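*Asks:*
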DNA sequence: ATTTACCCTACTTTTTTTATGGGTTTTATA
DNA sequence: TATAAAACCCATAAAAAAAGTAGGGTAAAT
């Protein structure tokens, strides 16, 4: 299951996607829409900004806005950013690799090999689904 | 990522699968093989037994054994049992459904709809990969 | 009599998640 | 140029979950 942080990020992106006609959207607007704490959401939006998905403007009339085409925002990117690895085991993670302490020989580990396959097939799904798919269904 | 509990369950099943020629395998043997605490593993094996995947025999010469054909033990079953939902959001879980508190109208929620698709495609993967696939690669 | 799984309670430790608090900087506008 | 609005930044606290530990005992099989 995704953490609330990741879920909120996806909601926020959806909200920003729906309001692309506006120049900017306030944190406050999003936090009220979904009942998310303003401060918590602030951190999330900041991460999305640092990842190049959102832009922002300070001061009066400021706020956040979507900087990318929704088609160019795959779920895999958002999940990796807020949640961490997509792989089911650390020993098969592409971006967050760590060996498993209980594993004597990764090369001979059947679980490792199967989980690599699961990872690759899962990635196909999450790279294909984008923010655009969410917006289309709202 | 899977919890250690689920990972240990998969390792234990692999070990039992590799030793199907033996009548039974001791908890101790498995816990030593992977450096897992005996007590912790005990609970895991018990859950697998209650789910009908393992059988056990008490007393001298006793232990655990695989009761199912490895082909009949999909990853989805083990993960659901030890880890919980496979869905990424509670509102799209088949076995552990819960509404999302921040969601005003699930029927109109684009995130919900996309996550149903992700769930179905993920399930296809995890229902197709079985213990047998892990054993084949050891 | 011994071995082994089974069952139960409770507690600790560690890690992760979910926030909260207080101040700083930038910007528009009156 | 003062003021208010808004993002930005840093630190830390609170809550929940995961990962064990400890210790008892009971039941069944050899």
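Residue numbers (my numbering), protein chains in the order written: chain L, 189 to 326; chain P, 189 to 326. Cβ atoms here follow ideal geometry from the backbone N, Cα and C, with glycine treated the same way. Note that the structure is predicted; figures quoted are calculated from it, not measured.
(1) Taking CB distances under 8 Å as the criterion, tell me whether residue 309 of chain P reaches chain L.
(2) When DSSP labels each residue in this structure, what does residue 219 of chain P get in the three-state scheme?
(3) Kindly say whether residue 261 of chain P, judged by its beta-carbon, lies nearer than 8 Å to any beta-carbon of chain L.
(4) Please report whether the beta-carbon of residue 222 of chain P lies at a distance below 8 Å from any beta-carbon of chain L.
(5) Can you give me the Cβ contacts of residue 270 of chain L inside the same chain, cut-off strictly under 6 Å, excluding the 5 residues immediately before and after it?
(6) Do you know how far the Cα of residue 246 of chain P is from the Cα of residue 238 of chain P?
(7) Below 9 Å on C-beta distance, what does residue 202 of chain P contact in chain L?
(8) Give, in chain order, every unbroken run of the alpha helix (DSSP H) that is at least 4 residues long and sits entirely within the stretch 248-278 of chain P.
(9) Check whether the Cβ atoms of residue 229 of chain L and residue 236 of chain L sit closer than 8 Å, and answer yes or no.
(10) Within the same chain, show all residues whose beta-carbon is closer than 8 Å to that of residue 232 of chain P, passing over the 5 residues directly before and after it, in chain order.
(11) Got a sec, what are the start and stop residues for the beta strand (DSSP E) residue 282 of chain L sits in?
(12) Thinking residue 189 of chain P and residue 276 of chain L are a contact (beta carbons under 8 Å), I'd like their distance in whole angstroms, please.
(13) When you check each C-beta in the stretch 190-220 of chain L against every C-beta of chain P, which residues fall closer than 7 Å?
(14) Report all residues from its chain with a CB closer than 7 Å to the CB of residue 310 of chain L; omit the five preceding and five following residues, and keep chain order.
(15) So residue 255 of chain P and residue 240 of chain P are supposed to be a Cβ contact under 8 Å. How far apart are they, rounded?
(16) Report the residue ranges of all alpha helix (DSSP H) runs contained in full by the stretch 219-244 of chain P; include only those spanning at least 4 residues, in chain order.
(17) Kindly indicate which residue of L/306, L/204, L/249, L/209 has the alpha-carbon position closest to the one of residue 219 of chain L.
(18) Who are the neighbours of residue 321 of chain P on chain L, taking C-beta pairs under 7 Å?
(19) Tell me whether residue 223 of chain L is buried or exposed, calling it buried when 16 or more other Cβ atoms sit within 10 Å of its Cβ.
(20) I need the straight-line Cα distance from residue 303 of chain L to residue 252 of chain L, nearest angstrom please.
(21) Against residue 290 of chain L, what residues of chain P qualify as contacts under a CB-to-CB distance less than 7 Å, listed in chain order?
(22) Can you give the Cα-Cα distance for residue 326 of chain L and residue 213 of chain P, rounded to whole angstroms?
(23) So, are the CB atoms of residue 315 of chain L and residue 281 of chain L less than 8 Å apart?
*Replies:* Per the coordinate set shown:
(1) Looking up residue 309 of chain P in the second chain gives position 121. Chain L contact via Cβ: present.
(2) For this step, residue 219 of chain P is matched to residue 31 along the second chain. Assigned with DSSP and collapsed to three states, residue 219 of chain P falls in helix.
(3) Here residue 261 of chain P refers to the residue found at position 73 of the second chain. No, no contact with chain L.
(4) Locating residue 222 of chain P in the second chain gives position 34, where the first residue counts as 1. With 8 Å as the cut-off, residue 222 of chain P counts as an interface residue toward chain L.
(5) The residue you call residue 270 of chain L lines up with position 82 of the first chain. Answer for residue 270 of chain L: 193, 194, 197, listed in chain order.
(6) Here the question's residue 238 of chain P lines up with position 50 in the second chain. Here the question's residue 246 of chain P lines up with position 58 in the second chain. Spanning the two alpha carbons is a distance of roughly 15 Å.
(7) Taking the second chain and counting its residues from 1, one reaches residue 202 of chain P at position 14. By Cβ distance, chain L contributes 297, 298, 299.
(8) 263-270
(9) In the first chain, residue 229 of chain L corresponds to position 41, counting from 1. In the first chain, residue 236 of chain L corresponds to position 48, counting from 1. No. Outside cutoff.
(10) Position 44 of the second chain, counted from the start, is the residue given in the question as residue 232 of chain P. If we look at residue 232 of chain P and ignore the five residues flanking it on each side, its Cβ neighbours are 193, 196, 197, 200, 270.
(11) For the purposes of this step, residue 282 of chain L is identified with residue 94 of the first chain, where counting begins at 1. Counting along the chain, residue 282 of chain L falls outside any beta strand (DSSP E), and DSSP gives it neither H nor E.
(12) The sequence position of residue 189 of chain P within the second chain is 1, counting from 1. The sequence position of residue 276 of chain L within the first chain is 88, counting from 1. At roughly 6 Å, the Cβ-Cβ gap stays under 8 Å, so residue 189 of chain P and residue 276 of chain L are in contact.
(13) Against chain P - using a Cβ distance shorter than 7 Å - the residues of the stretch 190-220 of chain L are 190, 195, 198, 199, 202.
(14) For the purposes of this step, residue 310 of chain L is taken as the residue at position 122 of the first chain. Within its own chain, the residues whose Cβ lies closer than 7 Å to the Cβ of residue 310 of chain L, once the five positions on either side in sequence are excluded, are 274, listed in chain order.
(15) Start at 1 with the first residue of the second chain, and residue 255 of chain P comes out as number 67. Start at 1 with the first residue of the second chain, and residue 240 of chain P comes out as number 52. About 7 Å; that satisfies the 8 Å criterion.
(16) 226-238
(17) The residue labelled residue 219 of chain L in the question sits at position 31 within the first chain. Nearest C-alpha to residue 219 of chain L: L/204.
(18) By one-based count along the second chain, residue 321 of chain P stands at place 133. 302, listed in chain order.
(19) In the first chain, the residue the question calls residue 223 of chain L occupies position 35. It counts as exposed.
(20) Start at 1 with the first residue of the first chain, and residue 303 of chain L comes out as number 115. Start at 1 with the first residue of the first chain, and residue 252 of chain L comes out as number 64. Their Cα atoms are separated by approximately 38 Å.
(21) Within the first chain, residue 290 of chain L is the residue found at index 102, counting from 1. Residues of chain P whose Cβ lies closer than 7 Å to the Cβ of residue 290 of chain L are, in chain order, 199, 222, 223, 224.
(22) Taking the first chain and counting its residues from 1, the one referred to as residue 326 of chain L is at position 138. Taking the second chain and counting its residues from 1, the one referred to as residue 213 of chain P is at position 25. Distance between the alpha carbons of residue 326 of chain L and residue 213 of chain P: 54 Å.
(23) For this step, residue 315 of chain L is matched to residue 127 along the first chain. For this step, residue 281 of chain L is matched to residue 93 along the first chain. No, the pair does not count as a contact, with Cβ atoms beyond the cut-off.
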